[in-house]
Amino acid sequence: MYNSMNGMSNSAEQIYSYQPMPVYDDQQQATFHFDKQSAVKYKMDLNLYCIKKPQQTFFMRVNNPNLTSWGIEQGDMLVIEQTSQIALGDLVVIEQHGSLQLYEFFSAKENNLVFFSLDSKHRNLQISSLQEVVLQGVVTNTIHQFKGRIKKYGTAA
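If you read the sequence shown in UniProt numbering, its first letter stands for residue 1, the second for the next number, and so on.
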């Protein structure tokens, strides 16, 4: 069934959850018993938390197994914000030969910009201007899934 108020069908509403979820701090005031209901300070929607500029944002699923030294694993989802301005230390996405590659913007001195490849199989870049590369954007967030466990303990929710 199609809902004309928000343009979604009921089945789409069941698939996608845009409802704010409760947020708890890891360092609550010392209490004898943790009460989830009274501990909620506010509710959060991950879309609002991870995406500041929706029109300039896209997701990139990581299939490259060579990024684990950066804490990025296969299956992780990167949130990329398209921009033409970058800062030292930013992780950037550069299009090369039809694929997206990850680099750290490492140094900028005079006409020498240095980008370290996050994948050891790709060369680092030294360029004189950002116009020499196809900059797709800056990584703003990583969504990382913990791997499933073999055996689960505890009670069902």
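The beta carbon of each residue, even a glycine, is placed where N, CA and C say it ideally should be.
Quick one: what's got a C-beta closer than 6 Å to residue i's C-beta in the same chain, skipping five residues either side?
i	result
Cys50	Val79 and Asn141
Ile143	Met77
Tell me the rounded alpha-carbon separation between residue i and residue j.
i	j	result
Val23	Met77	21 Å
Gln136	Ser117	15 Å
Ile72	Pro54	23 Å
Ser128	Thr83	18 Å
Glu110	Ile86	16 Å
Phe146	Leu46	17 Å
Gly98	Val92	16 Å
Answer with buried or exposed for residue i, where buried requires no fewer than 16 other C-beta atoms within 10 angstroms of its C-beta.
i	result
Phe105	buried
Gly81	Reading off the sequence, residue 81 comes out as Glu, not Gly. Buried, because 16 or more other Cβ atoms sit within 10 Å of the Cβ of Glu81.
Gln101	buried
Val134	exposed
By DSSP, does residue i sit in helix, in strand, or in coil?
i	result
Tyr49	helix
Pro22	strand
Thr57	strand
Ser84	coil
Thr140	strand
Among the residues of its own chain, which have a CB less than 7 Å from the CB of residue i, if the five just before and after it don't count?
i	result
Asp66	Reading the sequence as shown, one finds Asn at residue 66 and not Asp. If we look at Asn66 and ignore the five residues flanking it on each side, its Cβ neighbours are Asp119, Ser120 and Lys121.
Trp70	Leu118
Glu132	none
Met44	Pro20, Met21 and Val23
Excluding five sequence neighbours on each side, which residues of the same chain lie with their C-beta closer than 8 Å to the C-beta of residue i?
i	result
Ser107	Leu88, Leu113 and Val114
Lys52	Glu81 and Thr140
Val62	Ile72, Glu73, Gln74, Gly75, Asp76, Met77 and Leu78
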